[in-house]
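2 protein chains.
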Amino acid sequence: MRSPSTQSMDPTHRIGEYLIERLQAHGVEHVFGVPGDYVLGFMDLLTKSSLQLINTCDEQGAGFAADAYARLRGLGVVCITYCVGGLKIANTTAQAYAERSPVVVISGSPGAGERARNPLLHHTVRTFETQLRVFEQITGASTVLLDPGTALAEIDRVLNVALRQKLPVYIEIPRDLYNSPASHAHPRVTVSPEGDPEALREALAEAAEKIRAARQPVILAGEQLHRFALQKPLLALLARSGIPFATTLLSKSVLEEDHPSYIGVYSGGISRSEVVRYVEESDCLLMLGSLMTDINLGIYTANLSQRRTVYADSERVAVGYHRYENVLFEDFVRGLAALDLPQRSGVTHPRPETPSPFVPEPGRPLTVARLFQCLNACVDKQTVVLADPGDAMLGSMDLLIDSEAQFLAPAYYTSLGFAVPGALGAQFANTNLRPLVLVGDGAFQMTGMELATIARYGLDPIVVVLNNRGYGTERPMLDGSFNDVLNWHYSRLPDFLGAGIGFDVHTEDELEYALGAAIAYRDGFSILDVHLDPSDRSPALDRLTEALGRRVRV
Amino acid sequence: MRSPSTQSMDPTHRIGEYLIERLQAHGVEHVFGVPGDYVLGFMDLLTKSSLQLINTCDEQGAGFAADAYARLRGLGVVCITYCVGGLKIANTTAQAYAERSPVVVISGSPGAGERARNPLLHHTVRTFETQLRVFEQITGASTVLLDPGTALAEIDRVLNVALRQKLPVYIEIPRDLYNSPASHAHPRVTVSPEGDPEALREALAEAAEKIRAARQPVILAGEQLHRFALQKPLLALLARSGIPFATTLLSKSVLEEDHPSYIGVYSGGISRSEVVRYVEESDCLLMLGSLMTDINLGIYTANLSQRRTVYADSERVAVGYHRYENVLFEDFVRGLAALDLPQRSGVTHPRPETPSPFVPEPGRPLTVARLFQCLNACVDKQTVVLADPGDAMLGSMDLLIDSEAQFLAPAYYTSLGFAVPGALGAQFANTNLRPLVLVGDGAFQMTGMELATIARYGLDPIVVVLNNRGYGTERPMLDGSFNDVLNWHYSRLPDFLGAGIGFDVHTEDELEYALGAAIAYRDGFSILDVHLDPSDRSPALDRLTEALGRRVRV
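Order-wise, the sequence lines are chains A and B. Mapping the first sequence onto numbering that gives the first Met the number 0, position 395 (from 1) lands on 394, and the numbers just tick up by one. Mapping the second sequence onto numbering that gives the first Met the number 0, position 215 (from 1) lands on 214, and the numbers just tick up by one.
Here it is as structure tokens:
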């Protein structure tokens, strides 16, 4: 371990102020949340700071928004009240854990004083520790700031886990302690892990040998390259070596997709066949920062052999069957970029399809495939695409995203309901971007009403509801009335909320008109109710559901 | 313990079928849930059984609906997929725990076979046990049915906790085991706890002595009298003794409120002063089955002395300072009813206000007080009132509910968003009832869209949105823009959903008209957008927020 750096601190800090100051120092400008009496005092502190508090309709929306914000900004914050607020974001926090998104959960809680006097305060479940115990299961670090003597050090310790390990963390503040002065001067300790340079050298040497000897090396660029801000070394590696790269669905857009070395999205049997073939025929696959999950790898239709891989993520570095201990992911990636590798030129490899202009056939009923062709022609450098699991996500696999990190989808955890509140987080994270939200009707009914929050704060995402009257991903696995959802009149939502504009889209020309009008409208959100045949789906979904369906029936 | 009763069982039972059979045997007819691939197989079994699966928009709605169903029927069931479904109902399950509502959580999960092969299946957070660990914190018993050899016994064990202790429980079924035959004949074991008859006798004798000697005995009838179905012994006790009774807000309507011995709702300083005085001046308070919580007891403004109480709930029986071990709550209550007590006649005590006809003053802006006067005149024996925390709940404290258990509110846990999905559960629990839903605008924005589910299944609740443009309960504690919510056009919801009717209500005559029209309309839900002055509130809320506000600022 590197020796801890310390610096002297103003000993008069109050706990709440210190937490706010640290969040600001790490680039946070917005906090998403819902008030409640146990957290009102801290919310009051927030409103007096330069941080902006964004009130969502339900805590679930705040949790998803903070996750999207964290993915774009490196840290996101959700602030809620005790239990009735906190336990509503167990799922969004679990998503952040599963997909390595550094979200800070701040919860108010009963004051230290009232805990002693009263065992049955409102919002309490079993004991005062119930909420903490739940969050211990789904965060990388957690703390209850009951002791002013250690509170500042605890804040640093926990935030450090979020920043270093890219995991959600939990900070609970008893409500009588927000304004407590820290009781002594507080040394700010920042411990950075340090790898073993010898091990690193050997790992890189073995990797270099494997790469040099390879006939067809391919890089599978994972989402952790973005989380750890390693795009520059990756670009250097691509430039030096001429090796082509693919992404997974979770890491889609980790680099601009118009990069000449880009092949496309690899998700085993789900993705385009030429990408599958090129990746699986590789005799040296560099898997960098990619969670080895079932959806990422096409429900284990993937045919990847460990012998032929160089593998590195935040938990493991391995070359073939040799695992290297104490080699840091970021050191290894930077080391790869600095290797003296032969420059391969003239490598022929698959390329993503270039979007072609969408020429609508008037009156022709819209299909999923044509919808995505049209969307592909609309996506530009100011677009951040948020895709909800289902065909919204799978269909967007082949959208060409030509800006870094401008595609967001919970492609591993696959929780429905991320995309609309995610757009709230994404647009606050980068106000230069305009969200394009792709969401199924089932998912929209879970969290879509956060468009009210989007309206309240004057944001202008374009929301495309893929309305196929149900859970389309599940129908081919096992169908029943449980896969149906009520047909809301999504285009009338603006009338209900008093904001935004809505469109009903049945045909190709209606789609072209509606998208054009939505792009031109900047005074609020646009919502397109895109009516699709319940039996229509993307080819990717056909392939996925075939693989999943084999496991539903036993 | 009584010796276990056993009976021979058909050894060919399959696990999923057995679970369904046991739920039916305990009176369950409806299951609330949202599908997902890990639970599709079980949902398919459900649809083939006589149980009806009710699909909600979001899992949160299913959790609240199952809670309301459990309160009315004695057992409720919510069925969801792994993690992305289950973790969304951590909060609703915690509410069921806090308020002793027997909800069975059934979650699908990865199959035993696929767990062995694949560590990173979609929807997995940290390990396959993460969801189980979370639910261990918020349920009375939990199990994962990985072993067909013990699965049937585990189902019985866990359901027994729900039935005996009135707590939520968790049953997880790996998806490759729904259809597994139980591997051996299964003795159904029903263990009933047994109290100590000597201790019971002594406790009753001491209680009898205290009651006989008392000048002004009062019964505080708690919600557990309803959960344990002890209304008959309570009625017998009232009849034999002539002792008057109050309820708490959580137990409101445990008996018909037109009972001649009824005083009103006691919640410490929150309730009507004559009720407070009568209860607190009692020299023998019989607290039967009432959680000693802060909201129930008026945020500790309550002035109750243990010396003067006879206390019994499912966890503790005590007379004055004498605690009796091994005395069962239900035995003690039945024993009280059988005591030879002097019949007090002609006791004068406070009585709830009789609803008077509502005579609207045309054009007069509506106030909270007048709203509840009007509602009081509408409530009848077919009404089940569901009140969301906030002024919707506090204002309804003095509604006269003249049927047993027809007032439902999470008065202790006070989670916003219960009432609308609760109405779904309540009306399925008893189709003879018509829900009157009282909900604030803030709470409506969390779960109100479950009206879509209500529309889908053709139910006809009347929903009154108390629209005061924000979290009205919090404003008097500490106000800021974080207490504002966007003003939706609630009355236009029917147009958005394609179902129901809506009304805008500003004045007294508009309220009378809208309520009359809503009562007459039986083809779907009615929604009344009742516009209130943001600074207007019920006297009860004034008193509550004054007490709470003292603890927000430190």
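By construction, the Cβ of each residue, glycine as well, lies at the ideal position given by its N, Cα and C atoms. None of these values were measured; they are calculated from a predicted model.
- At a cut-off of 8 Å between beta-carbon atoms, B/LEU527 makes no contact with chain A.
- Apart from the 5 residues on each side of it in sequence, A/PRO361 sits with its Cβ closer than 6 Å to the Cβ of ASP508 in its chain, given in chain order.
- The beta carbon of B/ILE210 does not come within 8 Å of any beta carbon belonging to chain A, so the residue lies off that interface.
- The residue among B/TYR169, B/ALA181 and B/VAL168 with its C-alpha nearest the C-alpha of B/GLY148 is B/ALA181.
- The segment 459 to 478 of chain A and the segment 386 to 393 of chain A touch, with no fewer than 3 CB-CB distances between them shorter than 8 Å.
- In the three-state scheme derived from DSSP, where H, G and I count as helix and E and B as strand, B/ASP483 is classed as strand.
- The C-beta of A/SER49 comes no closer than 8 Å to any C-beta of chain B.
- For A/GLN51, the enclosing beta strand (DSSP E) stretches over residues 51 to 54.
- Under the DSSP assignment, B/PHE502 falls in the beta strand (DSSP E) whose first and last residues are 500 to 504.
- Interface residue (Cβ-Cβ distance to chain B less than 8 Å): A/GLY479 is classified as such.
- In the DSSP assignment, B/GLY60 falls within the alpha helix (DSSP H) that extends over 58 to 72.
- Here B/GLY15 has PHE41, LEU44 and TYR177 as same chain residues with Cβ atoms under 6 Å from its own Cβ, once five neighbours each way along the sequence are excluded.
- Counting every other CB atom within 10 Å of its CB across the protein chains shown gives B/THR129 a total of 16 or more, marking it as buried.
- The segment 389 to 465 of chain B contains, as complete beta strand (DSSP E) runs of 3+ residues, the segments 433 to 439 (chain order).
- Excluding residues up to 5 positions away in sequence, SER260, GLN342, ARG343, SER344 and VAL346 lie with their Cβ nearer than 8 Å to the Cβ of A/GLY241 in the same chain.
- Taking all protein chains shown into account, A/GLU273 has fewer than 16 neighbouring C-beta atoms within 10 Å of its C-beta and is therefore exposed.
- When Cβ-Cβ separations below 8 Å define contact, B/MET445 makes contact with chain A.
- Contact annotation for B/LEU39 against chain A: GLU473, MET476, LEU477 and VAL551 [CB-CB distance below 7 Å, chain order].
- Under the criterion of beta carbons closer than 8 Å, A/ALA235 and A/ALA336 qualify as touching, at roughly 4 Å.
- A/VAL264 is bridged by DSSP to A/THR246.
- Proximity of chain A to B/TYR470 at the Cβ level (cut-off 8 Å) is accounted for by PRO34, in chain order.
- In this structure, B/VAL33 lies away from B/SER106, with their beta-carbon atoms at least 8 Å apart.
- In this structure, DSSP gives B/ARG13 an extended state, which the three-state scheme calls strand.
- Contact annotation for B/SER414 against chain A: VAL83 [CB-CB distance below 7 Å, chain order].
- Between the alpha carbons of A/ASP532 and B/LEU365 lies a gap of roughly 47 Å.
- A Cβ-Cβ contact shorter than 8 Å links A/LEU229 with A/VAL332.
- Around B/ARG491, the same chain offers GLY501 as residues with beta carbons nearer than 8 Å, after the five sequence neighbours per side are excluded.
- A direct Cα-to-Cα measurement between A/ARG70 and A/SER250 gives close to 11 Å.
- Contacts between B/THR11 and chain A, judged by CB atoms closer than 8 Å, are missing: the closest CB pair is about 17 Å apart.
- In this structure, the alpha-carbon of B/HIS258 lies about 16 Å from that of B/LEU224.
- Separation of the CB atoms of A/VAL217 and A/PHE244 is rounded to 7 Å, and the pair is thereby assigned contact status at 8 Å.
- For A/ARG125, the nearest CB of chain B lies under 8 Å from its own CB, placing it at the interface with that chain.
- Taking C-alpha positions only, B/SER48 is separated from B/ALA152 by approximately 21 Å.
- Secondary structure in the segment 101 to 171 of chain B: the beta strand (DSSP E) runs of 3 residues or longer, each lying completely within the stretch, are 102 to 108 and 140 to 143 in chain order.
- Residue range 382 to 386 is occupied by the beta strand (DSSP E) that includes B/ALA386.
- For B/THR246, no Cβ of chain A is located within less than 8 Å of the residue's own Cβ.
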